[in-house]
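Read in order, the letters of the sequence shown are residues -29 to -1, 1 to 81 in mature numbering (1 follows the signal peptide of the UniProt record, and there is no 0).
Cβ coordinates follow ideal geometry from the N, Cα and C atoms, glycine included.
If you're wondering where the values come from, they're calculated on a predicted model, not measured in any experiment.
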Amino acid sequence: MIYPSIRVLSVAIACIPPLAGTCGSQARAAEPFDQFPIAITCEYKNLHQVFYLTRLDADGVATYINPSKLAGTISVRGTAKALGEPVGGSCLGKTLEQLRASGQVLDLKR
C-alpha cells in the first residue's frame, strides 16, 4: 500500500526537473535589477538608515524604501531623489556611481 504522503512526495520529486528550466527563465527576468543595489544606506536626521529596493518601473526608475516609510527614487543615469520630504539625507543628488564610490550601497553577488 502506498501512503498518501509518499505519493505526494513522489509527485513533488517528479516535478523538480521541469522546474529547473522555469527557474532559469525567472533569473533572466530579473536582469533589469542587476543594475541596482539591493539596498542603499543614507544618513538622515543624524540616523544611519537602510533603504531597500522595492520596485523598478517601466521607465527604469527604482524605488527604495526604509522601515520608517521614507522613500526615494533613482535611475541608472539619474540622481537620488526623495519622495515626500524634499530635504536632507546623504544620498540626495548622488548618482549610483557616487553612492557605490562612497560605500553606501549593498550589491548582491549572483
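- Annotation: arginine 48 is outside any alpha helix (DSSP H) and is labelled neither H nor E by DSSP.
- For leucine 67, the three-state secondary structure derived from DSSP is helix.
- The continuous beta strand (DSSP E) containing glutamine 20 extends over residues 18 to 27.
- Using a 10 angstroms sphere on the CB of proline 8, the tally of other CB atoms reaches 16 or more, which defines it as buried.
- Linking lysine 40 to alanine 29 through their CA atoms gives a straight-line distance of about 23 Å.
- With contacts defined by Cβ atoms closer than 8 Å, tyrosine 15 and glycine 49 do not form a contacting pair.
- If the five residues before and after leucine 79 are omitted, its C-beta is found closer than 7 Å to the C-beta atoms of Ile9, all from its own chain and listed in chain order.
- In the structure shown, the three-state DSSP call for glutamate 56 is coil.
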